[in-house]
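Notes for the one structure printed next.
Residue numbers (this note's numbering): 46 to 814.
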């Protein structure tokens with residue numbers, strides 16, 4: 046009984062197996078359609094999906110996302126699965142089936158399925174099937190603002206008009222920017238889900254999304270808008286909005302440019318180099334135009350305008366202006382670059398001068414020499430701050446703030462050139478105890494025997510003996526705040542905190558030191574034999590010294606400049622943060638026990654009692670004729686003139702600012718000096734890397750101008766002509782022989798030497814006629 050049953054099971058199993066074999070289908074190889082995908086001639090965007098669908102039912106047969114295969118690049122390929130055995134199976138195609146090819150939701154091609162295992166090229170584009178115009182929505186960028194809302198405007202453009210209305214719909218999608226129903230909390234933009242109609246015959250429209258302003262410092266953020274269209278074909282299905290936080294955008298600096306006029310048949314360019322204070326993760330740009338001042342467009346230069354772009358990661362760009370030749374010897378002529386419409390930047394200033402100088406028109410100075418750190422064995426000249434010439438004119442001494450060093454040079458009186466003698470710092474055995482941290486100023490005593498250095502970070506004065514023969518230095522002593530005995534009547538070396546400026550009296554008996562940290566001027570008696578100093582007193586802002594007849598010192602915030610009157614009766618102080626000038630009466634009677642001591646007389650403070658233009662008073666100089674006091678004013682881009690009265694008091698008379706045709710340069714002026722002959726005044730512009738040379742009007746001058754008034758003779762700029770190492774000029778020193786001028790270029794780690802041209806020739810009214 047069991048055997049027949051087993052045989053029956055075997056038979057049933059065999060029958061079932063043969064039925065399964067009969068139902069099995071052999072898969073046919075795919076039919077492949079490939080080619081380029083464009084939208085009205087432009088390549089379809091990566092990420093868009095190419096679909097093959099049955100024409101009648103819309104059934105999806107195959108699809109491919111553009112860019113998915115590195116091998117295919119920007120081409121597409123859809124692999125359509127084939128069916129060759131009845132009955133037909135859903136999702137498989139047979140040769141002869143009618144299909145449509147779509148780019149996203151837009152019909153871009155019609156074709157017939159070919160043989161299994163074959164590949165057919167089909168370049169697809171909606172314009173090939175007459176599905177309407179191409180519609181593109183462009184990305185946009187917008188500053189967020191500090192409050193309220195601003196509009197991020199997306200431009201929608203079609204490549205041609207349509208005979209019927211086109212409906213464009215969108216909805217916003219968060220990226221790094223967060224959307225919300227309104228501008229509350231951390232919301233960056235207002236969500237939107239809407240549509241608009243582009244009327245028949247029109248080609249343009251705009252989508253506006255409200256962006257929320259705030260004062261929170263944050264980076265650039267983005268959101269997307271997803272798009273669909275009825276009656277047109279989208280070139281791309283998304284567009285991106287970029288929100289730029291404008292609470293920490295870079296500032297743009299525009300520097301003046303001086304260029305030489307080309308000779309006949311030649312050419313030259315005035316190249317403006319707009320510079321950002323820092324780079325940005327978004328493109329910065331602004332519009333510009335060239336406006337004439339006393340230069341004529343088409344005659345002196347070729348006018349231009351446009352948009353200046355500073356790419357991501359960069360900090361500057363160039364704007365060239367072509368300069369034309371004009372026959373004859375011509376006075377300097379100027380035009381102005383004017384900036385507007387800032388994007389992702391703010392303007393420190395929105396204009397700069399272009400100055401055309403004719404080489405045939407005699408200059409005030411000529412470039413002689415550059416002494417540059419890491420050249421010609423000079424290695425300690427990084428970040429130079431000050432320069433002093435010895436009274437015999439044989440040597441020069443320069444302080445290096447960055448390397449805490451002093452560099453000594455021999456000076457050739459015949460050509461003004463400097464050559465290295467020695468370099469000193471605290472790493473050397475004989476100078477290991479010298480306090481040289483942050484040296485800001487250096488002075489040589491009138492007898493030439495000693496050199497004094499103001500070290501800001503050490504709150505100290507370092508004293509050195511000088512060899513008049515070799516120029517070599519030997520350390521003598523330090524005077525440091527707090528280093529004296531606490532039992533001294535005065536606060537130990539009061540006034541030396543943050544010391545940055547020195548003055549030695551012509552008789553060599555006293556040294557005055559301005560301490561920016563102490564808001565004070567310290568007075569020291571000098572021993573001519575040893576060079577040693579003895580602290581005498583300090584005049585401190587807000588204090589009334591009971592030992593003198595002066596009152597409470599006013600307005601002396603961060604004193605930066607010192608000047609002594611020709612008769613030694615007054616000491617004048619320029620106070621950078623006090624926006625003021627202080628006058629101290631000085632005891633000039635040698636036989637008096639208080640000889641050299643100071644008494645506060647008065648202060649001239651910006652905005653008070655008719656004083657104007659002292660915001661950021663930096664350096665100060667008194668003329669040797671005792672008639673005038675000049676002040677460089679950093680924040681005002683100018684120079685102030687005071688008339689000095691018989692009692693030493695001052696009366697403000699005039700101010701010369703940067704912003705005129707005749708006065709380029711003077712941006713952020715710091716260093717100031719009156720020439721020993723009194724005929725010129727020199728001013729350095731830190732912000733625009735300039736040196737301005739002013740003619741100082743003499744009594745009875747032919748132009749009838751008041752004595753002491755200033756008139757620009759020449760402005761020299763870094764990177765103009767032969768001058769290429771004058772970035773960041775902080776100090777200027779004319780030589781006592783009236784032949785040379787030395788400029789300390791802090792940013793270029795250099796000293797620039799100029800030769801003064803013969804004044805008799807320059808001021809000859811017949812010159813050039």
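Heads up, the beta-carbon is just placed ideally off N, CA and C, and yes, glycines get one too.
Taking residue 274 and residue 212 to be in contact with their CB atoms under 8 Å, please state how far apart those CB atoms are, rounded to whole angstroms. 7 Å
Residue 316 and residue 251 closer than 7 Å at C-beta: no
Could you have a look at residue 825 and say whether DSSP puts it in helix, strand or coil? Because the chain here runs from 46 to 814, residue 825 falls outside it and cannot be looked at.
Work out the CA separation of residue 716 and residue 675 for me, nearest whole Å. 11 Å
Please report how far the alpha carbon of residue 67 lies from the alpha carbon of residue 74, in whole angstroms. Below a pLDDT of 50, predicted positions are generally treated as unreliable, and residue 67, at 42, falls in that range; the measurement from the model is reported next regardless. CA-to-CA, the gap between residue 67 and residue 74 works out to about 21 Å.
Check whether the stretch 377 to 386 and the stretch 410 to 423 touch, using three or more Cβ-Cβ pairs below 8 Å as the test. no
Check each candidate in 124, 435 and 398 and name the one with the smallest Cα separation from residue 493. 435
First and last residue of the uninterrupted beta strand (DSSP E) at residue 673: 673 to 678
Any Cβ of chain D within less than 7 Å of the Cβ of residue 133? No chain D appears in the structure shown, which is made up of a single protein chain.
Could you tell me if residue 474 is buried or exposed, where buried requires 16 or more neighbouring beta carbons within 10 angstroms of its beta carbon? exposed
Please state whether the Cβ-Cβ distance between residue 288 and residue 256 is less than 7 Å. Yes, the Cβ-Cβ distance between residue 288 and residue 256 is below 7 Å.
How many angstroms separate the CA atom of residue 723 from the CA atom of residue 783? 10 Å
Proximity of residue 272 and residue 297 at Cβ, strictly below 7 Å: no
According to DSSP, is residue 797 helix, strand or coil? Three-state DSSP puts residue 797 in a strand.
Expressed to the nearest angstrom, what Euclidean distance is found between the alpha-carbon atoms of residue 447 and residue 775? 14 Å
For residue 172, which of helix, strand or coil comes out of DSSP? helix
Expressed to the nearest angstrom, what Euclidean distance is found between the alpha-carbon atoms of residue 818 and residue 232? There is no way to answer for residue 818, as the model of the chain reaches only from 46 to 814.
Using the beta-carbon count (16 or more within 10 Å), is residue 532 buried or exposed? Per-residue confidence for residue 532 stands at a pLDDT of 38, beneath the threshold of 50, marking its modelled position as unreliable; no derived number is given.
On the three-state DSSP scale, how would you describe residue 66? Per-residue confidence for residue 66 stands at a pLDDT of 42, beneath the threshold of 50, marking its modelled position as unreliable; the derived number appears in the next sentence. Three-state DSSP puts residue 66 in a helix.
For the candidate residues 168, 169, 98 and 140, whose alpha-carbon lies nearest to that of residue 162? 140
Between which two residues does the beta strand (DSSP E) harbouring residue 505 extend? 505 to 511
Apply the 10 Å Cβ neighbour rule to residue 354 and answer buried if 16 or more other Cβ atoms are within range, or exposed otherwise. Exposed, because fewer than 16 other Cβ atoms sit within 10 Å of the Cβ of residue 354.
Judging by CA-CA distance, which residue of 431, 333 and 586 is the nearest neighbour of residue 501? Closest option to residue 501, Cα to Cα, is 431.
Separation of residue 196 from residue 586, as counted between CA atoms: 52 Å
Under the assumption that residue 615 contacts residue 628 (Cβ atoms under 8 Å), give the Cβ distance between them as a whole number of angstroms. Rounded to the nearest angstrom, the Cβ distance from residue 615 to residue 628 is 6 Å, consistent with a contact under 8 Å.
Residue 522 by DSSP, collapsed to three states: which one? strand
Comparing alpha-carbon positions, which option in 234, 143, 210 and 179 lies nearest residue 221? Considering only alpha carbons, the answer is 234.
Just how far apart, CA to CA, sit residue 732 and residue 762? 11 Å
Where residue 475 falls: helix, strand or coil (DSSP): helix
With distances taken between CB atoms, is the gap from residue 146 to residue 154 smaller than 7 Å? yes
By the 10 Å Cβ neighbour count, where 16 or more other Cβ atoms means buried, how is residue 178 classified, buried or exposed? The residue is buried, with at least 16 neighbouring Cβ atoms inside 10 Å.
Quick one: what does DSSP say residue 420 is sitting in, helix, strand or coil? Strand at residue 420.
Alpha-carbon spacing of residue 186 relative to residue 239, whole angstroms: Approximately 20 Å between the Cα atoms of the pair.
For residue 597, three-class secondary structure by DSSP: The answer is strand: DSSP assigns residue 597 an E or B state.
What residues match up with residue 440 in a beta bridge as DSSP calls it? Here residue 440 is bridged, per DSSP, to 455.
Just to confirm before moving on: does the CB-CB distance between residue 182 and residue 201 stay below 7 Å? yes
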